[in-house]
Amino acid sequence: MTGPDKSGATAGTRAGGQRRGPVRGRGAGVPVPLLVPALVGLVFLLLPLVALLVRTPWRSLPEQLTSPEVWQALQLSLLCATAATAVSLVLGVPLAWVLARAEFPGRGLVRALVTLPLVLPPVVGGVALLLALGRNGVVGQWLDAWFGITLPFTTAGVVVAEAFVAMPFLVITVEGTLRAADPRYEEAAMTLGASRFTAFRRVTLPLIAPGVAAGAVLAWARALGEFGATITFAGNFPGRTQTMPLAVYLALQSDPAAAIALSLVLLAVSIAVLAGLRDRWMTPS
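In this text, residue positions in the sequence shown follow my numbering: the first is 20, and each later residue adds one.
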């Protein structure tokens, strides 16, 4: 028989007088109607990745990965993804601050437009970039006439296409971090004479640095894997615009073993990104 505890209440009885039943674990008693589709969903997501590993030509993998074409595409991918991430940081962090801190009419509409590239088909994004920044585009015609700058089908065009699809990942991540940060630190700095920008640079930015880093990694990974907008806006020219996803697409038509090897590299990068963000995205709250 369970005796009273030091406070005089019997074990299992709360202060309010309500009896608590035994606490069951999270995984205890999973209903079969939920367990079966959950297992099917898990298999559905993992099976293609397992097939990729099973069909990888491990013996010829070193030769495939050291070919000049692979290294050329890999170097271009790393360069363009890093440049696109830098552009996203320079433009996206201030944009996230405006969305999180500033009050202005239509802020919800602006936020929706900023996140639109997340759901917009990448090919449509590439077409939109052509219409805006192409040689005869809304802005591109003036860039060509005034400065002689032509972005489509160039390496700079790859950076623009990747930044277009990757920047929203950084913006929404940094905005969420800003909303979670206490704005009173900024206000205290301004009461001590700091300007709004100085308070952001010296107080807010160090506070949200982990969120900025997480957003930058997500943007970099998204830029590295971009395909649709890149091939539409920048084309698929080896050494100039052919990134890793485009090289996979091209190799799949003539050399499936090379396509598998390139896919394995991108898979390894994706796993590394998830491992780097495990504390933010993979730890249950």
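All C-beta atoms, glycine included, are put in the ideal place defined by N, C-alpha and C.
Given residue i as reference, the closest of the options once Cα atoms are compared
| i | options | result |
| --- | --- | --- |
| R241 | P141, L68, L150, V73 | P141 |
| A105 | G234, T196, P275, G127 | G234 |
| A147 | W165, A180, T169, L110 | A180 |
| V288 | L53, P229, S96 | S96 |
| L237 | A175, G111, V284 | G111 |
| V89 | L293, L265, L296 | L265 |
| T75 | G295, A294, L281 | L281 |
| F172 | F252, V51, L224 | F252 |
| R154 | L226, G145, T169 | T169 |
| T192 | I290, P229, L71, G127 | P229 |
Neighbourhood of residue i by C-beta distance below 6 Å, restricted to the same chain and skipping five residues each side
| i | result |
| --- | --- |
| D201 | none |
| Y204 | V222 |
| L118 | R130, E194 |
| A270 | A277, A278 |
| W239 | A100, T104 |
| V190 | G111, L114, A115, V133 |
| P56 | none |
| L84 | A280 |
8 Å Cβ shell around residue i - same chain, five flanking residues per side excluded
| i | result |
| --- | --- |
| V178 | C99, A102, A103, V106 |
| L68 | L286 |
| Q91 | P257, G258, Q261 |
| P124 | none |
Cutoff 7 Å; reference residue i; Cβ partners in own chain excluding five residues on either side
| i | result |
| --- | --- |
| W307 | Residue 307 is absent from the structure shown; the chain starts at 20 and stops at 304. |
| G295 | V236 |
| V292 | V236, A240 |
| P136 | G144, F183, V184, P187 |
heavy atom of the ligand MN below 6 Å from residue i C-beta
| i | result |
| --- | --- |
| S86 | This structure does not include the ligand MN; it has no bound ligands of any sort. |
Open item on the list: When you compare the region 192-208 with the region 50-69, are there three or more beta-carbon pairs, one atom per stretch, that lie closer than 8 Å?
Closed with: no
Task: Complete runs of the alpha helix (DSSP H) confined to the region 183-230 [at least 4 residues] - done: DSSP runs (the alpha helix (DSSP H)) wholly in the region 183-230: 203-210, 215-218.
Task: the region 245-254 in contact with the region 182-194 per 3-pair CB rule at 8 Å - done: yes
Open item on the list: If contact is defined by three or more beta carbon pairs under 8 Å, each pair taking one atom from either stretch, is the region 214-232 in contact with the region 72-81?
Closed with: no
- [ ] At 4 residues or longer, and completely inside the region 264-295: list those alpha helix (DSSP H) runs for me, N to C.
- [x] 275-295
TODO: Kindly provide the ranges of any alpha helix (DSSP H) runs that are 4 or more residues long and lie completely inside the region 59-92, ordered along the chain.
DONE: 80-84
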